[in-house]
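These notes are about the structure you will find just below.
Protein chains in written order, with the working numbering: chain A, 26 to 341; chain B, 26 to 341.
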């Protein structure tokens, strides 16, 4: 079976699987819709961390050692910004800064985020469609004892230290799906939806909060497969385990499955969480057990094939 | 004699003398008003080449080998901007880019160019006052066979190749002097005005075109000394000699003196143009002959002292 695949992705972890899917699917058969709830304005620049993580991963420009940002990065502009008294809490590498400059001036000139993203991915030789979840600004905010924090203030400046009480997505409702996401959702040849291993609360929920997206996904009759972001009951990176506790959930795949109830029908979990498979099946889900840690291109492509196979999608 | 000194400066050549003046005068006794006719918007950033040349020179950050920009510069962001398909004709070093980012977001947030310049010079430890000629945008344009070109398009993109027919300063009249320039012009203790060795047409005329500045300078009763930008009948850098010919002037200090008639009373010319001194004196000007090429700090300070001495200003 073939047809079109819609992947929903957040940042680093999701971007790895997105790159794996791009490696095994031809450009015309994949749309990667990316969370933009992390986007923010910093030093006059529009920074889109999750789009950039996906773009860098697909262009082979991602730094696999540091785990984020561009490979072979330098920090000369950042050092100078520090000398000039500007905020230092959000690191901007020189190559990464170029991306933000290129994006920001074109957004300010009136291009949509979809147009700018298509232009930048095209310039970097990315043939697959990478689209923002929405062209309207959506901003994830986390409620803490100090009040509502903008996402990057919570995530980067405060290093996720404050206890999260709630999460909201400013701009929703009212943010329409981007043309690329809307088109993918409406395709008659849509054959599968793959939820990349991203934080359900911080990276996937913003996508589901875009006008009509959750409802359209729930109404689809095609397989909907998620790769769990947990490995051994922990998140490889990021605050997911801490958040699950703070939001009163257990830190296991049952919590992930419960969170996606009514959407996801097949959860791919890591070998280290093998013991949870029975419980998931008891919930009525399909569960596939495999290694979900992606260290290199081979891992990414293998996991992409497992996800597509779980969606009963043939990759030849 | 002491009192306050007002220096008017364009970019690189002027910046050298401005740095010399800053080295021999205490911070409270010098205001450096800088041409902003070269300023332009590029990739969403407000670039102020002449202010930056002065700032880098005063902070000891100027690249003396390349002759412009920041020392120890790198070009990582620029390379990436090229990969992203952005314009390459205006070089932005990584450290220089930080300056433009810091300036641009604060301008966009509503700070004046004077405020931003004070903030950035303060952060770099510059104690002397460096002020834009105006906080209102003034944009130098050059008329060529192709029509009016924005200054940086003429100067950098076209490398001054088109024949110049005329020069205008968009935004004048209507651009008020910056608070710092207005204050310096009105100081009761103003003791001298020094015109740094900058291009009269492209770097000094914009300052004189700011509302009331030419008239106020002409009405001052304090010495007004100019250091000629010509050395051996040529400009050390830039299109001055070519421009003089295109605008129907001779390429000599007589043309410079004629251009500043009614303002400058004392012209400092290079030793290699010694033969022109008599003619200048016959025009009613004072003329001082000295080496005007500034290769190092010693040259800059010596020439600053010569200029102040020509203005009958004692530097102890």
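Cβ atoms here follow ideal geometry from the backbone N, Cα and C, with glycine treated the same way.
Min CB distance residue i to chain A below 8 Å
i: residue 90 of chain B; result: no
i: residue 105 of chain B; result: yes
i: residue 69 of chain B; result: yes
i: residue 114 of chain B; result: no
i: residue 126 of chain B; result: yes
i: residue 143 of chain B; result: no
i: residue 201 of chain B; result: no
i: residue 119 of chain B; result: yes
i: residue 122 of chain B; result: yes
Contact under 8 Å by Cβ, residue i with residue j
i: residue 33 of chain A; j: residue 329 of chain A; result: no
i: residue 336 of chain A; j: residue 250 of chain A; result: yes
i: residue 248 of chain B; j: residue 222 of chain B; result: no
i: residue 80 of chain B; j: residue 192 of chain B; result: no
i: residue 128 of chain A; j: residue 145 of chain A; result: yes
i: residue 176 of chain B; j: residue 62 of chain B; result: yes
i: residue 243 of chain A; j: residue 288 of chain A; result: yes
i: residue 44 of chain B; j: residue 274 of chain B; result: no
i: residue 169 of chain A; j: residue 187 of chain A; result: yes
Helix, strand or coil at residue i [DSSP, three-state]
i: residue 283 of chain B; result: helix
i: residue 297 of chain A; result: helix
i: residue 184 of chain B; result: coil
i: residue 115 of chain A; result: coil
i: residue 266 of chain B; result: helix
i: residue 87 of chain B; result: strand
i: residue 43 of chain B; result: helix
i: residue 142 of chain B; result: helix
i: residue 67 of chain A; result: strand
i: residue 156 of chain A; result: strand
i: residue 238 of chain A; result: helix
i: residue 255 of chain A; result: strand
i: residue 193 of chain B; result: strand
i: residue 161 of chain B; result: coil
i: residue 95 of chain A; result: strand
i: residue 260 of chain B; result: strand
i: residue 278 of chain A; result: helix
i: residue 149 of chain B; result: coil
i: residue 198 of chain B; result: coil
Run of the beta strand (DSSP E) containing residue i, from where it starts to where it stops
i: residue 178 of chain B; result: From DSSP, residue 178 of chain B is part of no beta strand (DSSP E); its letter is neither H nor E.
i: residue 74 of chain A; result: No beta strand (DSSP E) contains residue 74 of chain A, which is instead part of the alpha helix (DSSP H) from 74-83.
i: residue 50 of chain B; result: Run containing residue 50 of chain B: none; DSSP gives neither H nor E here.
i: residue 167 of chain B; result: 164-169
i: residue 314 of chain B; result: 311-315
i: residue 245 of chain B; result: From DSSP, residue 245 of chain B is part of no beta strand (DSSP E); its letter is neither H nor E.
i: residue 55 of chain A; result: 55-59
Cβ of residue i within 8 Å of any chain B Cβ
i: residue 183 of chain A; result: no
i: residue 133 of chain A; result: yes
i: residue 154 of chain A; result: no
i: residue 137 of chain A; result: no
i: residue 77 of chain A; result: no
i: residue 346 of chain A; result: The first residue shown for chain A is 26 and the last is 341, placing residue 346 of chain A beyond what the model contains.
i: residue 93 of chain A; result: no
i: residue 82 of chain A; result: no
i: residue 85 of chain A; result: no
i: residue 110 of chain A; result: yes
i: residue 239 of chain A; result: no
Residue i: first and last residue of the uninterrupted alpha helix (DSSP H) it sits in
i: residue 204 of chain A; result: 204-211
i: residue 34 of chain A; result: Counting along the chain, residue 34 of chain A falls outside any alpha helix (DSSP H), though it belongs to the beta strand (DSSP E) covering 29-34.
i: residue 231 of chain A; result: 230-234
i: residue 331 of chain A; result: 322-335
i: residue 220 of chain B; result: No alpha helix (DSSP H) contains residue 220 of chain B, which is instead part of the beta strand (DSSP E) from 215-220.
i: residue 106 of chain B; result: 101-108
i: residue 290 of chain B; result: Looking at the DSSP string, residue 290 of chain B is not in any alpha helix (DSSP H), and its letter there is neither H nor E.
i: residue 305 of chain A; result: 302-307
- [ ] Answer yes if the region 293-311 of chain B comes into contact with the region 273-284 of chain B, meaning at least three C-beta pairs across the two stretches below 8 Å, and no otherwise.
- [x] yes
Open item on the list: When you compare the region 160-180 of chain A with the region 59-74 of chain A, are there three or more beta-carbon pairs, one atom per stretch, that lie closer than 8 Å?
Closed with: yes
- [ ] Would you check if the region 152-163 of chain A and the region 139-154 of chain B touch, i.e. whether three or more CB-CB distances between them fall below 8 Å?
- [x] no
TODO: State whether the region 35-54 of chain A contacts the region 254-272 of chain A, with contact taken as three or more CB pairs (one from each stretch) at a distance under 8 Å.
DONE: yes
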